[in-house]
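J.:
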Amino acid sequence: TTTNNTGSQGGTDAKVTKWGDANCDGEVNVADVVVLNKWLNDSTSYNLTPQGKVNADCFNPQDMSGAAVDSTKTDLTASDSDAIIKSIVHLVKIPLMG
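Numbered by the numbering used here, the letters in the sequence shown go through residues 18 to 115 in order.
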């Protein structure tokens, strides 16, 4: 995993280590959905790591090339959570374009 601070803006560049792995434990399961939904519900009280944000951005992701992306520019929504759930039960393969 490559992570670099981008300086005064506070952003962090990270490469996707595993699509959907919001809690960064190396597996994609319901725990990732819980972590992402907690953050979506209240991002000021719950911290999602920059790596977790990049991994969780799996519905219309910022970049699918494998290059490092700025975690502050991820567009995390309920659609990402839904894509993770659907991938767990093998309805879709993530990343998912919609």
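A virtual CB, placed ideally from N, CA and C, is assigned to each residue, including glycine. All values reported here derive from a predicted model rather than from experimental measurement.
1) Can you give me the C-alpha to C-alpha distance between D87 and D99, rounded to a whole angstrom?
2) Per DSSP, which residues does L113 bridge with? Please list them.
3) For T72, collect the residues of the same chain with a Cβ closer than 7 angstroms to its Cβ; drop the 5 residues on either side in sequence, then sort them by chain order.
4) Could you tell me if G61 is buried or exposed, where buried requires 16 or more neighbouring beta carbons within 10 angstroms of its beta carbon?
5) Quick one, are the C-beta atoms of L65 and I101 less than 8 angstroms apart?
6) Pick out whichever of K103, A85, D80 and A84 has its Cα sitting closest to the Cα of D92.
7) Is it buried or exposed, D49, if we count other Cβ atoms within 10 angstroms and call 16 or more buried?
8) Suppose only complete runs of 4+ residues qualify. What are the alpha helix (DSSP H) ranges in the segment 26–101, listed by chain order?
T.: In short, the structure shows the following:
1) Counting from one through the sequence shown, the residue named residue 87 turns up at place 70. Counting from one through the sequence shown, the residue named residue 99 turns up at place 82. Looking at the two C-alpha atoms, the distance is approximately 22 angstroms.
2) If you number the sequence shown from 1, residue 113 lands on position 96. DSSP output for L113 lists F76 as bridge partner(s).
3) Here the question's residue 72 lines up with position 55 in the sequence shown. It is Asn, not Thr, that sits at residue 72 in the sequence shown. Here the set comprises V33, T34, K35, W36, G37, D38, A39 and C41.
4) Numbered from 1 along the sequence shown, position 44 holds the residue referred to as residue 61. Checking the sequence, you will find Thr at residue 61 rather than Gly. A residue is called buried when at least 16 other Cβ atoms come within 10 angstroms of its Cβ; T61 does not meet this threshold and is exposed.
5) As a working note, residue 65 is residue 48 in the sequence shown. As a working note, residue 101 is residue 84 in the sequence shown. The answer is no: Cβ separation not under 8 angstroms.
6) Residue numbering aside, residue 92 sits at position 75 when the sequence shown is read from its first letter. Of the candidates K103, A85, D80 and A84, the one whose C-alpha sits nearest the C-alpha of D92 is D80.
7) Position 32 of the sequence shown, counted from the start, is the residue given in the question as residue 49. D49 comes out buried.
8) Under the rule that a run must span 4 or more residues, the alpha helix (DSSP H) segments found entirely inside the segment 26–101 read 47–58 and 67–73.
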